[in-house]
Amino acid sequence: MCESARGVYALEYGDVDHAVSSWSAELDSEGTFQALHLHAFFERLPWHRLVPAGPASGLPRLIGSWQFWGQRRIAAAATREGDLLVVYVPPTGSGSRSFSVDLSRMRGPSRARWYDPVSGVWSPAAGLLPASKAVELQTPGANAAGTNDWALVVETADRG
11 MCESARGVYA LEYGDVDHAV SSWSAELDSE GTFQALHLHA FFERLPWHRL
61 VPAGPASGLP RLIGSWQFWG QRRIAAAATR EGDLLVVYVP PTGSGSRSFS
111 VDLSRMRGPS RARWYDPVSG VWSPAAGLLP ASKAVELQTP GANAAGTNDW
161 ALVVETADRG
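Here the numbering used here = 1-based position in the sequence shown + 10.
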């Protein structure tokens with residue numbers, strides 16, 4: 011995400027030349043708009059209550075078998091209250107992917123929505139999901155940029 015904001019935002023990794031013609035020339039870049047979508051995504055969530063899933067945080071693993079694609083793995087964070095779960099599915103191409111998510115820590119039935127990090131558009135992921143051990147989900151496929159990274163938000167039905 012934000013690859014075209016090179017030089018404006020330090021959102022790239024590795025040894026990369028961050029020189030650009032000018033900061034003002036990058037204000038209308040695709041990466042700038044993706045950074046705005048990232049802000050809008052977290053602005054509507056109580057992000058400060060999210061805790062990364064995994065042994066170090068005391069939360070269990072929420073993604074089945076820590077699903078990897080090369081060096082990339084699905085990352086998840088949840089609230090300790092069990093009302094919100096956020097998952098990031100990294101890009102691996104353009105096709106949809108299936109994975110399982112553990113909803114047993116959710117405090118009740120939940121609704122899930124996909125967020126396209128490129129366009130900032132939300133779409134429903136499934137109907138009402140039970141608070142059960144594992145639920146299989148499938149990403150929508152290609153996002154607005156033609157890659158397949160997505161964010162998933164799962165919220166209990168009583169939240170909001």
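For every residue, glycine included, the Cβ atom is placed at its ideal position computed from N, Cα and C.
Taking 9 Å as the threshold (C-beta atoms), are residue j and residue i in contact?
i           : j           : result
residue 87  : residue 116 : no
residue 96  : residue 162 : yes
residue 136 : residue 147 : yes
residue 54  : residue 90  : no
residue 106 : residue 145 : no
residue 151 : residue 104 : yes
residue 133 : residue 126 : yes
If residue i and residue j are in contact, beta carbons under 8 Å, what's the gap, nearest whole angstrom?
i           : j           : result
residue 129 : residue 153 : 7 Å
residue 99  : residue 160 : 5 Å
residue 93  : residue 166 : 5 Å
With burial defined as no fewer than 16 other Cβ atoms inside 10 Å of the residue's Cβ, what is the status of residue i: buried or exposed?
i           : result
residue 44  : buried
residue 131 : exposed
residue 24  : Any reading at residue 24 needs caution, since the residue's pLDDT is 45, under 50, leaving its predicted position unreliable; the model's value is listed next. Exposed.
residue 124 : buried
residue 138 : exposed
residue 47  : buried
residue 35  : exposed
residue 50  : exposed
residue 39  : buried
Practice task
For the stretch 93-124, list the beta strand (DSSP E) runs that are entirely contained and at least 3 residues long, ordered along the chain.
Solution key: 94-99 and 108-111
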